[in-house]
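Below is one structure; the comments refer to it alone.
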Amino acid sequence: MKKAEGRRQKAEGRRQKAEGRRQKAEGRRQKAEGRRQKGKLLMDSQRPATSCLIMPNNFKHPR
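24 is the number of the first residue of the sequence shown in our numbering; add one for each residue after it.
Written out as structure tokens, the structure reads:
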């Protein structure tokens, strides 16, 4: 009986350890995603408002 109980406890410990590793990996993925989003927001905020010239070359003032 003691061996069976010990094996059961060992198996439960392995399951808990594996679950902990999965949670840790998920946390790392979320953290990396947050860093990517932050970088994307930073890049967007540093972009100019318009990607082309505000005044085209063929602009003529009315006289």
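Glycine included, every Cβ here is placed at the ideal spot set by N, Cα and C.
In the three-state scheme derived from DSSP, where H, G and I count as helix and E and B as strand, MET24 is classed as coil.
CA-to-CA, the gap between GLU35 and GLY43 works out to about 12 Å. The straight-line gap separating the alpha-carbon atoms of GLN39 and GLU49 is approximately 15 Å.
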